[in-house]
Each structure stands twice: as structure tokens, then as C-alpha cells.
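Top line first, the protein sequences correspond to chains A and B. Going by this note's numbering, the first sequence opens with residue 1, and the numbers climb by one from there. Going by this note's numbering, the second sequence opens with residue 1, and the numbers climb by one from there. Quick reminder that beta carbons are idealized off the backbone N, C-alpha and C, glycines included. It should be emphasised that the depicted structure is a prediction, and the values quoted were computed from it without experimental measurement. See structure below.
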Amino acid sequence: MITVGIDSGSRATKVAVVSDGRILAAVKAETGREPALTASLCLDDALRNCGLSRQDVSSIITTGYGRDLIPGRKRSVTEITCHARGAFEIVPGAKTVIDIGGQDSKVIRLDGTGLVIDFVMNDKCAAGTGRFLEVMARRLELDLKDFESEWEDARDASKISSICTVFAESEVVSLISQGVPASSVVRGLCDAIASRIASMGRRVGIERPVVLTGGVSLNGGVRRSLERILGIEIIVPPMSVFMGAYGAALIASSS
Amino acid sequence: MRSGRFPAFLSTILKNKLTYRVASLALRCFGGRMCPYQLAAAKGVISELGDAYSARKPVIFASAFVPTEIVYGLGAVPYLPEMWSGFAAAFGVSERGIDESEAKGYSQDLCSFHRCHLGLEELSLLPRPSAIIVSPHLCDGGRRSLYAHSVSAGCPFYVIDVPYVMTDSSVRWLSLQVERICEDISRRVPGLGLDRMGRAIENSNRARKIYLDVCQLRRNEPAPWSGSEALNYVFAFLSGWGSEWLIELYESLANVLKHRIEESRYPVPQERLRLLWLNLKPYYKSSLFEYLERSGVSIAFEEYSYVYWPEMDERRWAEGIAIKMLTNFGWGPIERRLDAVWKMVSDYQVDGVVQFDQWGCRQSNGGGRVLADFLREKGIPFLELDGDAVDPRNSSLAQALTRLQAFVEVMDARRQQARGAHLLSSLTRITQERGRDQQDDHRWN
Ligand code: SF4
Ligand code: SF4
């Protein structure tokens, strides 16, 4: 059975085509102004990549902020359930899933059998999300991909005391003007985001194995800061960015 | 609606006696189309607003947890500014009120229920109080913000100091305060006296008795009253005790609920899950509750509908009021709130608990962690939903919906797992019984 999961996030749309638990194709694009159109184009693209057509698809489940805007869905399921489902499939026994997306971040607690027992999401502000990192990377004139190498190069971490994106940005500007190396600032930013996620996570209790998903999972700097602050190893599964879409497709195949 | 002239127009309407005559007439002519309890509530509100805005009776402002029996007992009209902030949100004027209060320099950190009524005064939308009574137990912001109204109205301002624990001496101390405050008001405000106090207590006791029947009816599964509507009626629960209209309202509500149960007419007929709702809700238009009802989720009961105080003795009214304040489960050690929440969870057989975390509400949000741990230990899913009940600009509907939908998914998954476990244990039992039967058959053959 071929099923599809569409994760229409605030920044990016991810589509996964799945058969028997295996991802046949996955496509990602910027969501832009028309989430439904983007989702449709991504879906066509993904199907084309694996030589299938819409007729071959048994069921589509949508997730993400635009989940209720996508036509053709069987139903919509929240990112919390989808990320948990996807991560548990790839890392059986996972007890904690940390999903850091463009606009929000979540810590999801599982009971060891895949059942979500609790979750916590960041409050209504951009602190601790991918957006925070994007703004800071632009200020530092760095590519987000370079964060891990900068993190490794850093001799120390600058203290970023504000959790507010706007205030943190002005802190970064002032650090740059003081001549603080970009690597220290990067490490400070990763620590800031990680300590915010860590304190969120402690509300639901972080237990091993911990899986990191969402767009920011590719940012090695944040992962390393998280590991340091939490004192545990964090698993970034393959296709971690597609975990919501993958989970949605898995739910579609079982419902 | 948000034009500059709208509040001035609304102020003229509110202060015109004709408005209330027309509204009463409209209720008499068309009220038959309303649900009886809605009609009773509308009649009560219109008559009190008429009395308050046309100064037919002295108005006493009271903060949200002051027992209104003393206001009715004095012969005045109670006006709870926080409650009217909720109405302002429902009528789309809360943003103007909030902007106005912020322009006056009130901090954005203050709960919007307070910011809004402070701004409504600036817009001349409040009646003029003859006295103000506040009790800062639970809500401290009320003491500060209502004081501002007393300064602008130049009226006496009373603070009831509620002891933290309930002992004989705290009851004595509190009843003495209540008595003294009421005596003082009756001396200082012309037209008020203490002679109606017994009657107000009697009314309150009668309403309480009927209301307990309403609570009993609400235990029915599916829930006979929509929780989002019940949360609108928190205004009556906070401001109607001691009045005649509250008795009528609860009588008709009990009748309507009885009929609904007899005829199996429920707001959420396909009820799958039941919730207990703590603290308030967004009073402006929001699709949160539509989502819940569409998904087969009922709000079976709300924290602010819970009767926690015993019947009062009319002859010892001040003592009765003191006990009512002291027994408020939101005051005193947090264990009292935990006990009350657990009683509601058990009485209404809910699958989960949602606490609406009103921005700036310390009394409720402060205990969130303890409550979360307590409920988690008991195996009851708990969600803290951040939001703002009065200021629609201060929260994101999409984010709230995601949290609520995820919470429903968590409850659903638990239920499925419990069903699966139940099925498995039944199957195991059947298999074991079969095995035993076969062994028995074998023995007999
Ligand atoms: S300005 Fe700061 S506090 Fe406000 S939403 Fe943005 S990041 Fe959050
Ligand atoms: S919501 Fe909380 S802070 Fe606001 S008025 Fe009510 S009790 Fe007070």
C-alpha cells in the first residue's frame, strides 16, 4: 500500500511517499504563500521521483501548521503525533523526541511502546526555534550549514542572555562589534537554544533514547550543545527533517 | 467596530434609560424564542445594568471573588469589572479598552481582565460606583486595579483581608471585617442598609440547592450542557449569588438539562472524550470549542462552576460569608485545589484536564507545575493552554489549536491502548477458560 504524508510547516513543506514502512521518495520545498499549491507540487514531484501517480496513493495524511489547508487529505494529524510515530519507527524504543522546526519546538515523551504520554511546545515566541537561528546566521553572515564547524572551532561560548529573538539579535551585533569571534557567538547561540529546549524538556522529563527531528536537527551545533547540556547522546535519524511527513504516511497506512 | 467614535456611542446607549426599557420589551416580545435559562440570565443582566447605568440603585464594584450576597444584602447592584472585561471581549471592544489602559501607563504584564476594565473606565463605559469592595485572596491584581476606580469615582474603598487558613479565629476575624465593612457602607452610602441581608442569604442558599441539582445532571454522559456555553455562565456564578434572578436562571437550567437527558438531546451527541476545564477561556470569537465539539469532545465541567462552600445561616450572615471565602479551594494550601480538581475529575468522569493559562494570572498559573505532577501521577492527561481570555492579539489560534488537537490525540491513543489491553485480557481469560474446559472435557472422557 502506498501512502503519503504531507507536513506543511511554517517555513518548509515536506512530502514523503511510503510503502511498507519504507520511504520511496521525499521532497522538500519552501512553503511560501500558498501552502496548498506547494504541497501539491511537492507531492507530484515526489510521486514522479518514484515512478508513481496520484492513482497509486491509497491515503494521504497531512500535518504541520497548514495541515487543514491541503485538499485531498484523508484527515489531519498534529505534528506531535506524526513526529513521534516516525521517530519511533526508525528508533524503536525511543522515549523522547525533540522536534525543532521553523516556528516552534516541541519535546514529546513516549512510553516506550510508541504511545505519546506528554508533550510540551515552546510558547508563542520565536525563541528556541529555527527562525531564531536563521535570523542570527544572517546577522553573522554565515550559512546555517557552517554552524557545526564554527561550534567545533570555538574556544569558548559567548553568553547570550536574552531569549527574545529581537533582543538576542542586538546582543549578537554588539558582540561582533566588540570583536568576539563568530565561532564563540555561534556556540553561545547554540547553547542558548539548547538550554531553552532542555528546560522545556525537563517539564515532561527527558529519557533515553532521545531522537532529534525537524529542520534544526541538521544543525550539528545545536545538537552538540543539546548533548552537552542534557548530558546524553542524541540520535539524529536519517531523513530527520522528513520525520513528520514520514510519521503521517505511516499513520495513513495503519488507519 | 473599532472606530474612534464607537465607545462614545456605546457609552450613550449604556447610560440611556430607554435602552433598558426597549431591551426589556424586546425580551418580553421575543424572549420566547430563547432557551428559558438564557432568557432568565438576559432579564437579570438587563435589569441590573439598567439599575446601575441609570443610577436607580447605588452600584458597588466588587472584585471577582467577593461574595455578592453582601452587595445584594445591602440593597446595591454588584458590578464586577473583571466580568465586564469578558463581556467587552465578547462584544469586540476589549482591544480598545486595553489600548486605552496601556496609553494610561498600565503594564502589559497585568492580566488583561484588569487592563481592559481600567481602559473601559477611560472610555466612560463603566457605571459610577458608590463603594468598592475587594478581596485579594486569589487575585491580587484586583486590589490594585479596582483602587484606581475608587480614586476616580471618589468613593470608599474596602479591602477584605482573608486569612490563609481556616480556623475558628480566622472565621471570627473575617466575619468581623465583613460585618464592619457592610455597616460602614450602609452608613456612608444613602439608600443602603443591612435589612435585606437575611433575604440575600436565603436567595443564595436556594440558588445553591438548585445549582447542586444542575451539577448532578451535568454528570450525565454525554454531557447535557455545552462546556463552552457553561464557561459563559461563569459570570452568573461569580456575580449572581444573593439575587432572585440566579434562582430563576438555575431553575430553568435544571429543567432544560433534565429534558435534554430525557430526550437524549446533547450538544455533543457522539461524545468520545470528556474534559475538565480549569480557569477561564477566550471570550472573543475563537474556534477552539467548535474544534472540540466537532471532534466529539465535551467539556463536562469547569473549575469555576464548582460549589465549595456550605449552606449559610441567614441569622449569622457575616459568618456564612466568611466561611464561603475561606473555603474557596483556590485559596489556602495548593492541596485544597488538588483535592477539588480530583473530586471534579472523579465526579464528572473526565478523560483529561485542560488549564487555560491566562496571561498574567498568577493565582492559577502559579500552581500549574504541582497540578501537572499530581494529575500525571494519577494517570490523567493534563494540558496547560497559554492564552489570553480578553485580548485576542495576545495569542495565536493556530498554536492553541495544535496543542489542543495533540492533546485530543494523546487521550485517544490512551483510550485505544486501554481498549486493546482490555481486549487482550478478555482474550487471555477466554483462552484460559477454554483450556480449562478442554482439560475438564479430557478428564471426563
Ligand atoms: S520579539 Fe522576542 S519575545 Fe517577541 S515574539 Fe519575537 S522573539 Fe518572542
Ligand atoms: S484571570 Fe487571574 S489575574 Fe485575571 S482577574 Fe482572574 S483571577 Fe485575577
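Between which two residues does the beta strand (DSSP E) containing residue i stretch?
| i | result |
| --- | --- |
| Tyr-158/B | 157-159 |
| Pro-78/B | 77-79 |
| Gly-330/B | Taken as a continuous stretch (DSSP letters only), Gly-330/B belongs to no beta strand (DSSP E), as it is neither H nor E. |
| Val-171/B | It is not in any beta strand (DSSP E) - Val-171/B instead sits in the alpha helix (DSSP H) that spans 168-188. |
| Thr-129/A | Premise fails: Thr-129/A is in no beta strand (DSSP E) and is neither H nor E. |
| Ile-232/A | Note, Ile-232/A: premise wrong, no beta strand (DSSP E); not H, not E. |
| Gly-387/B | 382-387 |
| Asp-99/A | 96-100 |
| Phe-88/A | Unbroken run through Phe-88/A is the alpha helix (DSSP H), 79-90; no beta strand (DSSP E). |
| Glu-30/A | 22-30 |
| Val-59/B | 59-62 |
| Leu-212/A | 210-213 |
Ligand 2 and residue i: does any heavy atom of the ligand fall closer than 7 Å to the residue's C-beta?
| i | result |
| --- | --- |
| Leu-278/B | no |
| Leu-230/A | no |
| Leu-385/B | no |
| Cys-139/B | yes |
| Cys-111/B | yes |
| Glu-95/B | no |
| Gln-405/B | no |
| Ser-305/B | no |
| Ala-36/A | no |
| Ala-64/B | yes |
| His-114/B | yes |
| Gln-103/A | no |
| Gly-368/B | no |
| Glu-82/B | yes |
| Cys-361/B | yes |
| Ser-217/A | no |
| Gly-142/B | yes |
| Gln-108/B | no |
| Ser-364/B | yes |
| Gln-432/B | no |
Assign residue i to one of two classes, buried (16 or more other C-beta atoms within 10 Å of its C-beta) or exposed (fewer than that).
| i | result |
| --- | --- |
| Leu-176/B | exposed |
| Tyr-164/B | exposed |
| Tyr-79/B | buried |
| Val-151/B | exposed |
| Gln-355/B | buried |
| His-149/B | buried |
| Val-350/B | buried |
| Gly-221/A | buried |
| Ala-475/B | Nothing can be reported for residue 475/B, as the shown portion of chain B is limited to 1 through 445. |
| Ala-198/A | buried |
| Gly-32/B | exposed |
| Pro-392/B | buried |
| Trp-444/B | For Trp-444/B, the pLDDT reaches just 45, beneath the cut-off of 50, and the residue's location in the model is therefore unreliable, leaving the point undetermined. |
| Ala-137/A | buried |
| Ala-318/B | buried |
| Ser-3/B | Note that Ser-3/B scores 47 on pLDDT, short of 50, meaning its location in the model is unreliable; the coordinates nonetheless yield the value given after this. Burial call: exposed. |
| His-137/B | buried |
| Gln-416/B | exposed |
| Phe-91/B | exposed |
| Arg-96/B | buried |
The alpha helix (DSSP H) that contains residue i, what's its start and end?
| i | result |
| --- | --- |
| Ser-298/B | Where Ser-298/B is concerned, there is no enclosing alpha helix (DSSP H), although the beta strand (DSSP E) it sits in stretches over 297-302. |
| Lys-14/A | Counting along the chain, Lys-14/A falls outside any alpha helix (DSSP H), though it belongs to the beta strand (DSSP E) covering 12-19. |
| Arg-196/B | Note, Arg-196/B: premise wrong, no alpha helix (DSSP H); not H, not E. |
| Gln-270/B | Careful: Gln-270/B lies outside any alpha helix (DSSP H) and carries neither H nor E. |
| Ala-230/B | 227-232 |
| Thr-19/B | 17-30 |
| Met-200/A | 182-204 |
| Arg-115/B | 112-122 |
| Arg-260/B | 245-262 |
| Asp-7/A | Looking at the DSSP string, Asp-7/A is not in any alpha helix (DSSP H); the run it does join, the beta strand (DSSP E), is 2-8. |
| Ala-153/B | 141-153 |
Practice prompt. Any chance you could list the beta strand (DSSP E) runs of at least 3 consecutive residues sitting entirely within the region 48-76 of chain A, in chain order?
Written response: Taking 3 residues as the minimum length, the beta strand (DSSP E) runs contained wholly in the region 48-76 of chain A are 57-63, in order along the chain.
Worksheet item: Any contact of the region 118-129 of chain B with the region 355-369 of chain B, i.e. 3+ C-beta pairs under 8 Å?
Response: Per the Cβ contact rule, the region 118-129 of chain B is not in contact with the region 355-369 of chain B (fewer than 3 Cβ pairs under 8 Å).
Worksheet item: Touching or not, the region 18-38 of chain B and the region 103-117 of chain A, by the rule of three or more beta carbon pairs under 8 Å?
Response: Counting Cβ pairs under 8 Å, fewer than three are found: no touch.
Worksheet item: Below 8 Å, can you find three or more Cβ-Cβ pairs linking the region 120-139 of chain A to the region 235-244 of chain A?
Response: The region 120-139 of chain A is not in contact with the region 235-244 of chain A.
Discussion item. Suppose only complete runs of 3+ residues qualify. What are the beta strand (DSSP E) ranges in the region 315-377 of chain B, listed by chain order?
Written reply: Those beta strand (DSSP E) runs which fall completely within the region 315-377 of chain B and span 3+ residues are 352-358.
Worksheet item: Does the pairing of the region 174-194 of chain A with the region 138-156 of chain A give three or more beta-carbon distances under 8 Å?
Response: Taking 8 Å as the limit for Cβ pairs, the verdict is that the region 138-156 of chain A does touch the region 174-194 of chain A.
Worksheet item: Is the region 244-262 of chain B touching the region 272-285 of chain B, taking contact as three or more C-beta pairs under 8 Å?
Response: By the Cβ criterion, the region 244-262 of chain B is not in contact with the region 272-285 of chain B, since fewer than three pairs of Cβ atoms, one from each stretch, lie closer than 8 Å.
Item to complete: Could you tell me whether the region 1-8 of chain A touches the region 48-62 of chain A, where touching means 3 or more Cβ pairs closer than 8 Å?
Response: Because the criterion of three Cβ pairs below 8 Å is met, the region 1-8 of chain A and the region 48-62 of chain A touch.
Worksheet item: Where are the beta strand (DSSP E) runs, 3 residues long or more, that stay fully inside the region 110-182 of chain A, in chain order?
Response: Every unbroken stretch of the beta strand (DSSP E) spanning 3 or more residues and falling wholly within the region 110-182 of chain A is given here in chain order: 116-121.
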